[in-house]
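Visitor:
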Amino acid sequence: MGTLSKGIVSNLAGDDNALILTDARCLPGTEGGGVFVQNGDNAYLVGLIVSPLCWKSNEWIGLSLVCSLHLILRNVIMSANRQDLLKEIFAHLQLDSNGIVANEGRRSAGENHPMVALVESGQFWGSGILMNSQLMLTCRHVLNGRSRLMVRFKTNGRFVAVMGEVLYSTEVTSPYDVALVRLNKPLPDVVVPTLASSFKPGEDVYVIGYGALGQSCGPMVTSGVLSKAFSCHSQPVMLQTTCAVQAGASGGAVVRAQTGELLGLVASNTRDIVAGVTYPHLNFSVPVSVLKPLLQRFAQTGDPTVFQELNTTDEGVRRAWRLQNMSQQPPQSKL
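Under my numbering, think of the first position of the sequence shown as 1, with each following residue one higher.
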């Protein structure tokens, strides 16, 4: 029985984009199945499923490895020494030289999205959102207790490495896992992200970060929906999405799919300590609306202590991040 699954191209790797990573849900037994890209009313075969990457270190990865069709055809036909047939097949499939479906007039899906860097802290890595060419937001736990970090940013197909200095990180007791890093020199071609002012549960979102494979093939993009925006005193304090968020994606960006606006800073996925299993499709982020006024004050004053406000949140915010019922009130004393 044939079945269908849907996702996005999360990443490309290898010569001529020979390897494709997709977040389409594929299970063992789907190996050899086709991966298609929709173009108008037509669907074009672009690759064959090689392996669903289900588990890694007791973490559900939720990605699948695909071999691009153009690479398969090119090697088969080159072995038969029929270059003319290769060109004919490529023309029929409407593929360009890199195996990408011809799609004139459409803008790149990531063209307006926030730019995310790889953050190295010793043997660990995480992600960080570039707010401008020298300022980066990441998570406190990504720092691993360090005050200086190596930051790598992929541009024009290569990584540019700079050192970063931690300007501020929230206290361990704060529900907001946030840190601010200043880079020692400006990074090239950085686009300042547009900060969202509203959140719409059910809308399509992307998460951009260096989960699962780290530096091996650049930032990973996974798709899902905004499941919920948790609020306290009518203000969003935590976002939940269905995107696949693996270890290494902490500090990455939650992005509105339609506009590329920055919605939040990825803080964590969910782990069942008893079972020893991690669930990447249940994850939580700091809403950008929490950070926006602090970033504006920092831009005006240059004083990183403005972020100390993140340490003085009320109990309602803490309850939200502990996944406790926010409407539940503590018992009243009868005395």
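The beta carbon of each residue, even a glycine, is placed where N, CA and C say it ideally should be.
1. Report all residues from its chain with a CB closer than 6 Å to the CB of arginine 318; omit the five preceding and five following residues, and keep chain order.
2. In angstroms, rounded to a whole number, what distance separates the CA positions of asparagine 269 and alanine 244?
3. Do leucine 143 and leucine 180 have their C-beta atoms within less than 8 Å of each other?
4. Give the DSSP-derived three-state secondary structure of tyrosine 206 in the structure shown.
5. Give the secondary structure of proline 293 by DSSP, where H, G and I count as helix, E and B as strand, and everything else as coil.
6. Hey, how far is the Cα of threonine 173 from the Cα of aspartate 272?
7. Please identify the residue among Gln215, Asn75, Val116 whose C-alpha is closest to the C-alpha of glycine 260.
8. Under a three-way DSSP split, which group does threonine 301 fall into?
9. Specify, as a first and last residue, the run of the alpha helix (DSSP H) that isoleucine 273 falls within.
10. Taking the straight line between their C-alpha atoms, what separation do you get for glutamate 165 and lysine 200?
11. Is the separation between the beta-carbon of aspartate 189 and that of threonine 155 shorter than 8 Å?
12. What residue range is occupied by the uninterrupted beta strand (DSSP E) comprising alanine 229?
13. Is leucine 263 closer than 8 Å to alanine 196 when the C-beta atoms are compared?
14. Leaving out five residues before and five after serine 97 in sequence, what residues of the same chain have Cβ atoms less than 7 Å from its Cβ?
15. Looking at leucine 19: is its Cβ nearer than 8 Å to the Cβ of leucine 65?
16. Assuming alanine 249 is part of the alpha helix (DSSP H), what are its boundary residues?
17. Helix, strand or coil for glutamate 261, going by three-state DSSP, please let me know.
Guide: The relevant details are as follows:
1. Only Pro175 meet the Cβ criterion.
2. Their backbone Cα atoms lie some 9 Å apart in a straight line.
3. Between leucine 143 and leucine 180, the C-beta spacing is not below 8 Å.
4. Tyrosine 206: strand per DSSP, three-state reduction.
5. In this structure, proline 293 counts as helix in the three-state DSSP scheme.
6. The C-alpha of threonine 173 lies about 21 Å from the C-alpha of aspartate 272.
7. Minimum Cα distance to glycine 260 is reached at Val116.
8. Shown here, threonine 301 sits in a helix according to DSSP, grouped into three states.
9. Run containing isoleucine 273: none; DSSP gives neither H nor E here.
10. Cα-Cα distance, rounded: 35 Å.
11. One thing to note: aspartate 189 has its Cβ within 8 Å of the Cβ of threonine 155.
12. Taken as a continuous stretch (DSSP letters only), the beta strand (DSSP E) holding alanine 229 covers 220-232.
13. Closer than 8 Å, so yes.
14. Reliability of the predicted coordinates at serine 97 is poor, the pLDDT of 39 falling under 50, and no value is obtained from them.
15. Yes.
16. No alpha helix (DSSP H) holds alanine 249; DSSP gives it neither H nor E.
17. Here glutamate 261 sits in coil by DSSP.
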